[in-house]
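Heads up: the protein sequence lines correspond to chains A and B, in order.
For the first sequence, the tail end lands on 612 under the numbering used here, and the numbers increase by one without skipping.
For the second sequence, the tail end lands on 1193 under the numbering used here, and the numbers increase by one without skipping.
By construction, the Cβ of each residue, glycine as well, lies at the ideal position given by its N, Cα and C atoms.
Since the structure is predicted, the reported quantities are computational estimates derived from the model, not experimental observations.
Only one structure is covered here, and it is reproduced in the block below.
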Amino acid sequence: MEWESYYFLSKSQSLEIGFPSIRLTATHGTSLLTSAFSLPFSPLFRTSLNTHNSGKTRLLQLFSDPNQLFLVSILKFNKLIMQKHLFLGVEAIGQGAIDGGMSGVYSYPGTPSTEITEFIQENPLAEERNIHRTWTANEKTALETALGMSYAGKRAMSCMKHVGLNVAADVFINAAMTGVNGGLIVTVADDPSMHSSQNEQDSRFYGKFAMVPVLEPSSQQEAYDMARDGFALSELTKVPVMLRITTRLAHSRAGVARKDVLPENPLSMPANPRQFILLPAIARRKYKGLLESQNLFLKLSEESIYNRYEEGAEKSLGIIACGIAYNYLMEHYPNGTCPYPVVKISQYPLPENHINRMDQECDEILVLEEGAPMVEEMLKGFFAKGTPIKGRLDGTLPRDGELNPDLIAKALGKEMFSGYAIPEVVANRPPALCMGCGHQDAYVAMNEVLADYSKGRVFSDIGCYTLGALPPYETIFSCVDMGASITMAKGAADAGLIPAVAMIGDSTFAHSGITGLLDAVNEKSSITVVISDNESISMTGGQDSSAFGKIESICIGLGVDPAHIHTIVPLKKNHEEMVRLFREEFAYNGVSVIIPRRECIQRASSRKRNKG
Amino acid sequence: MKSDIILAGVGGQGILSIATALGEAALADNLLIKQAETHGMSQRGGAVYSHMRISDQPISSDLIPGGAADLILSVEPMESLRYLPYLSETGYLVTNITPFVNIPNYPDIEKVMEEIRKLPRFIAIDADTIAKEVGSTRASNMVMLGAASPFIDIEFSKIEDGIRTIFGRKGEAVVNMNLEALRRGRQFAEENK
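Next up, the structure:
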C-alpha cells in the first residue's frame, strides 16, 4: 500500500462529497500543496472512495481549514509496485528533500547520515537549482544556517548523526521556540549497536524534549515521502520537524518511486517580525504557543498516513511497532497474516487514538522500537497498574543494541532454525588504520617520546586516529566527543598532569577544537596539541575539511606562540625530526601545536582514480 | 522466487560491486530488492558484510533472519565462516580461497578450509587465479558472482546484463573480461557443486 502525494483543492474545484460514495472529479484541476495553511486545521474525516477514472478503490483522507481549502491524500489499495530507483535510505531522503522544494542542505558528515548530503551534492537537479549543499564546520553552524534560510522563507534541511544533535541541541531546542518560516527538517541518523559511534542515544527523546513532530520511516519509500512532504508539515505546524532514521534504514537499499518535483519557496520575510527574537517576554508567549500547538501535533499524528491500527483477531497480545521495527515484525507474518492487532508508528507525538484502542482491546502490549525504550516507558507508568507492557524494560527484548528479525521472533515465542555455529578458528578482524596512513607515523614517533613519561597522557578525539587506542599503538587514552581532546588535556594539565597531550584531526579541530585551544592559550596551559592533518574528513569517506589550509593561521590567531607551532610531513624518513619536535614541545611549559600533515591515502587514491 | 544472500569480505575488497551487479540483474528481472550495507568505521580493513534480499514478493525486513540465508557469498575464506549463523539448512556457502591477512592472529588457512569442508554444501574457488587468467585480479569478484550464480534464482543472462550495465562506461574490453570472469566462475561451480 502506498500513499499518493497531497493535493490541495480550492472549493471552486469540484470535489463531490456525498454518502455513501465520494467522487474526486478534480483530478486535472489540482494544484500542489503550498505553504498557505492557516490554523486551526482539523481533520474532517477519512473514508474510502472510487476514483472515476481508474476505478481502483482508494482511501481518502480529507482535512479542511477555515479558508475552505481541502487537503486530500489518497491511499492506493492496488498492489502496483513502482520501483524506479534503487535508493539507500539516506539517498531516498536526499532525493525527497530535493523533490520537496528544498533550497539548502546544511550538514557535517557523520555515519550514518553522511550520504544524504553527498547525494544532494552530486545530484543534477540540485546543481540546476543551485541548492546550497556545501559542508559546514559543525552541526551547530549547520542547523543555525538552515534556520536562517527558513527565516527567509525557504525550505531547508540539516542532517547529522545522533551525537551531532548534541552539538546542535542549543539551536534545535530554541528553533522549536522561534518556529519556522520556510519548512525546516532536521534529519538525525541514530546508530543503535554503535556500528560507528561512541553511544547509541535515541534522538526521539530530543524531539519530545523540543516538543516538535518526529517522523520515523519504516521503509525507504516512507523516508522519501517524509523528506519530500516534511517541509509542508513543518510549514503547517510552524515548527522544525525531526526526521529520525537508524543505521539499517540509512544504509539499506530498496526500490523507491519518486513523485512530482515541487517548486522552491520564494524569498519571504516572517509575518511577525518578532518571531525569531527569544527575549524572555516574547519567549514566554512563544512557549505558550508551542504548548498550545501540541494538540495540533497530536491530531496530525492520529490522522497521519504513516500511523495506523491494523486489525488482528488474536487479542491476547497487541503489538506497537515503531519505525523499522515494523519490518522486522512483518518478516514473520508475510502477506498480512499477523494474528495480533498492530499499531504501526512512524509519526510522533504518539497517536493516542490507536494506543488507547489497543489498550482497550488487548490483554498485553509488546512494544518494538529501535533505540531506547521511549514509548515503552511512556506507556508503562511508574506504578505499572494497567495493561502489562512488554519490551526492552522487562527483558522480552534486550535493553540495548539494535533490533533484528531474530530478537523479535524470540519476543513472539517463535522457534527458528538458528543456523550453524561460528567455528572457533574465526578471529576478530577489527578496523585498523590503512597501510601507509600518516596517523601511523605520528603515533610511532609519539610513542618513542612518550616512553620517557608515565602512561596515560594522550587525550584523543573522534576520527580515524581514534584507532590509535588499539594495538600496535595504544597511544591514546580518551575518545569522548568532538573537541574533547584539547579541553580534557587542559583539565588534566590543570590538575598537574604535565605534559598532557591532545591528539585531534584537522576537521575535528575545525568542528570543536578551536574554542578549547583558546581556553588553553588564555591560561598558558602546559599542553601539546597534535593536529594530525590529513586534509580531509576521512572516517566518513573523505569530505572536505572546513579548516583546509587554515590551521596554522587559526592557531596563530588564537594566540599560540608561532615559535611553538610546527608542521611536519609524517613519513618514515622524517621520523627522527618528528621525535625531536615531540620531545622538545612535550618539555615546553606552555601551549604548543604540532601539525603532522599528509593527505589521507584513501582520499589521495580516489582523487587519482577520478583524474585517470 | 526468493534469494537471501549474505555477502562477506574485508573492507576495501569491494563486495558492494557484487551487490551492484546482482541488484542490476534483479531490477532487470522485475524483482524486488532490499540490501543492507556496512558503511563507516568497519570499512577500515575490518570485517564487512551485506544482506541482499531478492524476491518476487514484497520484502519486509532489511536484515535476513538467522538460519534463513540461501547463500553466503564470501570473497575471503575466514570471513565466510563468520556468518554461518545466518546459513539455512539447505543453504550454500561459496567462498574465495585466497586469505586476506591484515591481522596478526590470522588462523592457519588449512584449519579455515577444514571448517569450510565440514559444511554439507559449499564451493571453494581460487577466484584470484581464475581472474588473473582472464586478464586481471580485479575481476575476482565477478568470478565469485559467477560461482554463486547457479544458486541464485535469477536468469544468468540478466546477471550478464547487469555486468554490461555497471562496466559499460569502462569500455568493451573491461566488459568482456568481467563477463568471461563470470562465466568461468559459473563453470567451476557447475563442475564442483
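- For residue 1068 of chain B, the three-state secondary structure derived from DSSP is coil.
- At a cut-off of 9 Å between beta carbons, residue 330 of chain A contacts chain B.
- By the criterion of at least three beta-carbon pairs nearer than 8 Å, the region 98 to 105 of chain A is in contact with the region 255 to 264 of chain A.
- Here residue 364 of chain A is bridged, per DSSP, to A:317.
- Using a CB distance cut-off of 9 Å, residue 1059 of chain B counts as an interface residue toward chain A.
- Interface annotation, residue 1082 of chain B: in contact with chain A, CB-CB separation under 9 Å.
- Residue 174 of chain A sits in a helix when the DSSP states are folded into three classes.
- Among the CB atoms of chain A, none fall inside 9 Å of the CB of residue 1165 of chain B.
- Annotation for residue 578 of chain A: 445 and 568 place their beta carbon closer than 6 Å to its own, counting only its chain and skipping 5 residues before and after.
- Taking CB atoms only, residue 1025 of chain B has no neighbour in chain A less than 9 Å away.
- The alpha carbon of residue 1055 of chain B has as its nearest neighbour, out of A:334, A:284, A:223 and A:121, the alpha carbon of A:334.
- Residue 349 of chain A is classed as buried because its beta carbon has at least 16 other beta carbons within 10 Å across all chains shown.
- By the rule that beta-carbons nearer than 9 Å mark a contact, residue 1171 of chain B does not touch chain A.
- Separation of the CB atoms of residue 191 of chain A and residue 111 of chain A is rounded to 7 Å, and the pair is thereby assigned contact status at 8 Å.
- When DSSP states are grouped into helix, strand and coil, residue 190 of chain A belongs to the strand group.
- Contact check between the region 538 to 547 of chain A and the region 403 to 412 of chain A: fewer than three CB pairs, one atom from each, fall below 8 Å, which does not count as touching.
- Collapsing the DSSP output to three states places residue 1030 of chain B in coil.
- Looking at the DSSP output, residue 1122 of chain B shares a beta bridge with B:1093.
- Taken atom to atom, the span from the alpha-carbon of residue 163 of chain A to that of residue 1009 of chain B is near 29 Å.
- At a cut-off of 9 Å between beta carbons, residue 1044 of chain B contacts chain A.
- Between residue 1122 of chain B and the set B:1071, B:1166 and B:1082, the nearest pair of CA atoms involves B:1071.
- For a cut-off of 8 Å, the C-beta gap from residue 389 of chain A to residue 397 of chain A is around 12 Å, too long to register as a contact.
- Listed in chain order, the positions of the region 101 to 113 of chain A with a beta carbon within less than 8 Å of a beta carbon of chain B are 111 and 112.
- Per the coordinates, the alpha-carbon of residue 305 of chain A lies some 30 Å from the alpha-carbon of residue 132 of chain A.
- Rounded to whole angstroms, the gap between the alpha carbons of residue 576 of chain A and residue 443 of chain A is 13 Å.
- The alpha carbon of residue 449 of chain A has as its nearest neighbour, out of A:222, A:297, A:183 and A:582, the alpha carbon of A:582.
- Ranked by Cα distance from residue 1126 of chain B, the first of B:1118, B:1113, B:1046 and B:1120 is B:1113.
- Nearest C-alpha to residue 169 of chain A among A:148, A:209, A:376 and A:134: A:209.
- Note on the region 371 to 427 of chain A: there is no whole beta strand (DSSP E) run with a minimum of 3 residues.
- Closer than 7 Å at the C-beta level to chain A, one finds these residues of the region 1061 to 1093 of chain B: 1061, 1062, 1063, 1065, 1066, 1067, 1078, 1081, 1082, 1084, 1085, 1086, 1087, 1088 and 1089.
- Chain A places a beta carbon closer than 9 Å to that of residue 1112 of chain B, counting this residue as a contact.
- DSSP links residue 161 of chain A through a beta bridge to A:189.
- In the three-state DSSP reduction, residue 1132 of chain B falls in the helix class (H, G or I).
- The beta-carbon of residue 1106 of chain B is placed less than 9 Å from the nearest beta-carbon of chain A.
- Residue contact check for residue 1007 of chain B against chain A: no CB pair falls below 9 Å.
- With its beta carbon less than 9 Å from one in chain B, residue 255 of chain A belongs to the interface.
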